[in-house]
Amino acid sequence: MIDISSRNLALLAGAGSAALLITALAFQAIGYIPCELCILQRWPHLAAALIAGALIFIDSKILRWLGALATGLACAFAIYHSGVEFGWWQGPTACSGGISNLATLSTQELMAQLETAPVVRCDQPQWYFLGLTMAAWNAICSAILTGMWLRAAMGRDIRI
169 MIDISSRNLA LLAGAGSAAL LITALAFQAI GYIPCELCIL QRWPHLAAAL IAGALIFIDS
229 KILRWLGALA TGLACAFAIY HSGVEFGWWQ GPTACSGGIS NLATLSTQEL MAQLETAPVV
289 RCDQPQWYFL GLTMAAWNAI CSAILTGMWL RAAMGRDIRI
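For reference, each letter of the sequence shown is one residue, going 169 to 328 in this note's numbering.
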């Protein structure tokens with residue numbers, strides 16, 4: 169039997185968030201350019217990893233609940249992004265294309281919007297694995313990490 173304390177479970181969940189961040193940065197390093205929603209999903213994982221780092225020094229239920237909140241937000245952002253990628257709902261116009269007031273823009277205003285438009289669209293995935301996009305995999309991993317944080321926050325150890 170292996171016993172995993174709730175504190176160690178939280179540390180493992182924080183390490184999982186750190187691993188997701190490292191993976192995202194590795195994909196970026198090999199040429200996959202992140203969109204605006206991809207970047208948004210990284211911030212809660214950074215927070216969860218930092219919270220886990222704080223747990224090394226201060227074991228607190230409040231920190232565990234904050235870790236659960238952070239990964240829960242990452243999961244929500246990833247689900248939203250996945251829905252945009254799969255066309256289930258409209259994404260933000262800033263990264264999903266479309267200029268709603270095209271007919272009313274002057275040439276200068278149109279050029280200004282085009283110059284500030286993001287290069288990478290949020291609704292066009294660059295990568296698939298087993299039929300799922302990177303955002304969808306992030307949603308799955310984030311949901312698992314959220315479950316781990318929640319179990320740790322409730323003070324429940326795991327016995328395997």
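Glycine residues also receive a C-beta, built at the ideal position from the N, C-alpha and C atoms.
Item, Value
"Own chain partners of threonine 239 with C-beta closer than 6 angstroms, once the 5 adjacent residues on each side are dropped", "Ala216, Ser310, Leu313, Thr314 and Trp317"
"Length at least 3, wholly inside the segment 207 to 261: the beta strand (DSSP E) runs in chain order", "none"
"Spatial neighbours of leucine 180 in its chain, beta-carbon cut-off 8 angstroms, leaving aside the 5 residues before and after", "Ile172 and Met316"
"CA-to-CA distance, leucine 234 to leucine 300, given in whole angstroms", "28 angstroms"
"Beta-ladder partner(s) of isoleucine 198, from DSSP", "Answer by DSSP bridge pairing: none, since isoleucine 198 is not bridged."
"Close-in-space but distant-in-sequence residues of the same chain around leucine 241 (CB under 7 angstroms, 5 per side omitted)", "Pro212"
"Methionine 302 burial status per 10 Å Cβ neighbour count (16 or more: buried)", "buried"
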